[in-house]
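Asker: Please read through the structure below; I'll follow up with questions.
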Amino acid sequence: MLDAARCLIRGSINIDEFFHVKDIVRPGETISSNNLEKRAGGKGANQAVAVARAGGQVDLVGAIGRDGIWVKSQLENAGVDVSAVLVAEESTGRAVIQLTSKGENSIILYKGANFSSIPQRPMHPRTTHILLQNEIPFPDTLAQIAAANDPSLPQPLSTIFNPSPMPSQTRLLQFPWDKLTWLIVNEGEASDLVDILLPSPASLVPNEDYASLSAYPVILRLAERIPTTNIVCTLGAAGVLALLPSFEGNPVYLPAAHLEGTVRDTTGAGDCFTGYLVAGLMKTEQEETPLTRDRLTDVLRRCVQAAGMCVEKRGAMESIPAGSDVDTRLLA
């Protein structure tokens, strides 16, 4: 475990209801599901489990209903500190997921207890990183960003934001981007952010070595709007692209991991990647290792491998692999 670093996640906790279907339903269409499964989920919970399984210490702050006590127990068994998970009067948040045999999914969210009022409490004294998504009240997200940059702290905490589901235009324009250390997005989310934050063409000159990656010019434009933030863009089956201000426009690119089986379920891949990335950043900070291109490449390689192993199994939280298994696959 990483004894000198700790991550706080203020995020969602859901009960995921998986409806197994032949194809994703179209507007106006009624279809039958051949199976129904209920599992623990929510982006906050999934990412917390991923941090823990990657080897990091993590505190989850969130809320469930009385119908979600079993989810809290499952999180605790996975190594997540759930002492700040409250039991509210509302029912636990839900994700209604259509899942095809090809691993494609479509998700409807119900906020439930995730939007309960949670008093802000003192952070663990060893907290070094704060990870946020967008399945909780937006003011709570802003409050955590502010707390991470409180002048009374010896130094600001590393803040990581995964804007999923995508916030509204109004909220994105009021977000304190200058206080954000890391932004984690997929290619579609990156395009949405650029359209809202920076509709004018980019002035940065692209590196021709990455011209074949459609996400590259998008990330360059995004970096122009948030020049002090490290950006990581997942590309699904194409891999991952990362652009740090210190890299002067030259990104780090890794292809997707080689799979030993077929893609069975992509639901938890993004959360798995994000949790592993944060754990890697925590370890880098703990070891006081400079985040060079080589170091970041090593961190991302483990993230990509973990996400690849995740899609080989059904489920979201359940499919997140243990760090030891990821390391074994990397050595193969």
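Going by the UniProt record's numbering, the first residue of the sequence shown is number 1, and it counts up by one from there. Built from N, CA and C at the ideal position, the CB exists for glycine as well.
(1) Cα separation between T267 and I15?
(2) Could you give the first and the last residue of the continuous beta strand (DSSP E) run that contains T100?
(3) Check whether the segment 32-42 and the segment 295-309 touch, using three or more Cβ-Cβ pairs below 8 Å as the test.
(4) For the candidate residues L99, L197, E89 and R6, whose alpha-carbon lies nearest to that of G56?
(5) Using a Cβ distance threshold of 8 Å, determine whether the segment 265-283 contacts the segment 42-52, with at least three qualifying pairs required.
(6) For S106, which residues in the same chain have their Cβ closer than 8 Å to its Cβ, ignoring the five residues on either side in sequence?
(7) Could you compute how far the alpha carbon of F18 sits from the alpha carbon of P27?
(8) Around the Cβ of T127, are there at least 16 other Cβ atoms within 10 angstroms (buried) or fewer (exposed)?
(9) At the level of alpha carbons, what is the spacing between N134 and E287?
(10) Have a look at L2 and G236 and give me their C-alpha separation to the nearest angstrom.
(11) Can you tell me whether DSSP reads R221 as helix, strand or coil?
(12) Quick check on DSSP: helix, strand or coil for A5?
(13) Provide the residue(s) that pair with E37 in DSSP beta bridges, ordered along the chain.
(14) Would L265 be called buried (16 or more neighbouring beta carbons within 10 Å of its own) or exposed?
(15) Less than 8 Å between the C-beta atoms of I320 and A50, yes or no?
(16) If you drop the 5 nearest sequence neighbours on each side, which residues of the same chain put their C-beta closer than 8 Å to that of S214?
(17) Using the DSSP secondary-structure output, state which residues sit across from T234 in a beta bridge.
(18) Comparing alpha-carbon positions, which option in P245, L241, I108 and T262 lies nearest Y253?
(19) Within 10 angstroms of the Cβ of A4, are there 16 or more other Cβ atoms? Answer buried if so, exposed if not.
(20) Would you kindly work out how many angstroms separate the C-alpha atoms of E312 and Q74, rounded to a whole number?
(21) Would you mind listing the alpha helix (DSSP H) stretches within the segment 38-94 that are 4+ residues and don't spill past its ends, in chain order?
(22) With distance defined between alpha-carbon atoms, name the residue in Q169, L172, P227 and L198 nearest to T181.
(23) Alpha helix (DSSP H) containing L173: first to last residue?
(24) Could you spell out where the beta strand (DSSP E) holding F161 opens and where it closes?
(25) Can E76 and S116 be called in contact, C-beta distance under 8 Å?
(26) What separation, rounded to the nearest whole angstrom, lies between the Cα atoms of V218 and V194?
(27) Quick check on DSSP: helix, strand or coil for I108?
(28) Between L291 and L157, what straight-line distance do the alpha-carbon atoms span, to the nearest angstrom?
(29) Can you give the beta carbon distance from M166 to D192, rounded, assuming they're within the 8 Å contact cut?
(30) Return the first residue and the last residue of the alpha helix (DSSP H) that L142 is part of.
Answerer: Let me spell this out:
(1) The sequence position of residue 267 within the sequence shown is 267, counting from 1. The sequence position of residue 15 within the sequence shown is 15, counting from 1. Answer to the nearest angstrom: the Cα atoms are 14 Å apart.
(2) For this step, residue 100 is matched to residue 100 along the sequence shown. Start and end: G93 to T100.
(3) no
(4) Residue numbering aside, residue 56 sits at position 56 when the sequence shown is read from its first letter. Looking at the Cα atoms, R6 is the closest of the given residues.
(5) yes
(6) For this step, residue 106 is matched to residue 106 along the sequence shown. Excluding positions up to five away in sequence, the list reads I24, V25, I97 and Q98.
(7) As a working note, residue 18 is residue 18 in the sequence shown. As a working note, residue 27 is residue 27 in the sequence shown. Distance between the alpha carbons of F18 and P27: 19 Å.
(8) On the sequence shown, residue 127 is found 127 positions in, with the first residue counted as 1. So T127 counts as buried.
(9) Residue 134 sits at position 134 when you count from the first residue of the sequence shown. Residue 287 sits at position 287 when you count from the first residue of the sequence shown. In a straight line, the C-alpha of N134 is about 30 Å away from that of E287.
(10) For the purposes of this step, residue 2 is taken as the residue at position 2 of the sequence shown. For the purposes of this step, residue 236 is taken as the residue at position 236 of the sequence shown. Confidence at L2 is low in this model, with a pLDDT of 45, below 50, so its placement is unreliable and the value that follows should be read with caution. Straight-line Cα distance between these residues: approximately 29 Å.
(11) Your numbering for residue 221 matches position 221 in the sequence shown. DSSP places R221 in helix when its eight states are reduced to three.
(12) Start at 1 with the first residue of the sequence shown, and residue 5 comes out as number 5. Correct three-state label for A5: coil.
(13) On the sequence shown, position 37 is the one that residue 37 refers to. BP columns for E37 point to F18.
(14) Locating residue 265 in the sequence shown gives position 265, counting from the first residue. Sequence check: residue 265 is Asp here, not Leu. With 16 or more other Cβ atoms within 10 Å, it is buried.
(15) Mapped onto the sequence shown, residue 320 falls at position 320. Mapped onto the sequence shown, residue 50 falls at position 50. Yes, these two residues count as a Cβ contact at 8 Å.
(16) As a first step, residue 214 is located in the sequence shown; it is residue number 214 there, counting from the start. Only E187 meet the Cβ criterion.
(17) The residue given as residue 234 occupies position 234 in the sequence shown. Partner(s): N186 and V240.
(18) In the sequence shown, residue 253 corresponds to position 253, counting from 1. When only C-alpha atoms are compared, the closest one is L241.
(19) Against the sequence shown, residue 4 aligns to sequence position 4. When all chains shown are included, A4 counts as exposed.
(20) Translated into the one-based positions of the sequence shown, residue 312 becomes position 312. Translated into the one-based positions of the sequence shown, residue 74 becomes position 74. For E312 and Q74, the distance between alpha carbons rounds to 21 Å.
(21) 43-53 and 69-77
(22) Position 181 of the sequence shown holds residue 181. If we check each option's Cα against that of T181, P227 comes out closest.
(23) Stepping through the sequence shown from its first residue, residue 173 is reached at position 173. Residues Q169 to Q174.
(24) For the purposes of this step, residue 161 is taken as the residue at position 161 of the sequence shown. S158 to F161 is the span of the beta strand (DSSP E), which, as asked, contains F161.
(25) What you label residue 76 is simply residue 76 of the sequence shown in a count that begins at 1. What you label residue 116 is simply residue 116 of the sequence shown in a count that begins at 1. Taking 8 Å as the Cβ cut-off, E76 and S116 do not qualify as a contacting pair.
(26) Taking the sequence shown and counting its residues from 1, one reaches residue 218 at position 218. Taking the sequence shown and counting its residues from 1, one reaches residue 194 at position 194. V218 and V194: Cα-Cα distance of roughly 7 Å.
(27) Counting from 1 along the sequence shown, the entry for residue 108 is found at position 108. Strand.
(28) Taking the sequence shown and counting its residues from 1, the one referred to as residue 291 is at position 291. Taking the sequence shown and counting its residues from 1, the one referred to as residue 157 is at position 157. The alpha-carbon atoms of L291 and L157 are separated by roughly 16 Å.
(29) For the purposes of this step, residue 166 is taken as residue 166 along the sequence shown, with counting starting at 1. For the purposes of this step, residue 192 is taken as residue 192 along the sequence shown, with counting starting at 1. That belief holds up - the Cβ atoms of M166 and D192 are roughly 5 Å apart, short of 8 Å.
(30) Reading the sequence shown from its first residue, position 142 is the one you call residue 142. Taken as a continuous stretch (DSSP letters only), the alpha helix (DSSP H) holding L142 covers F138 to A148.
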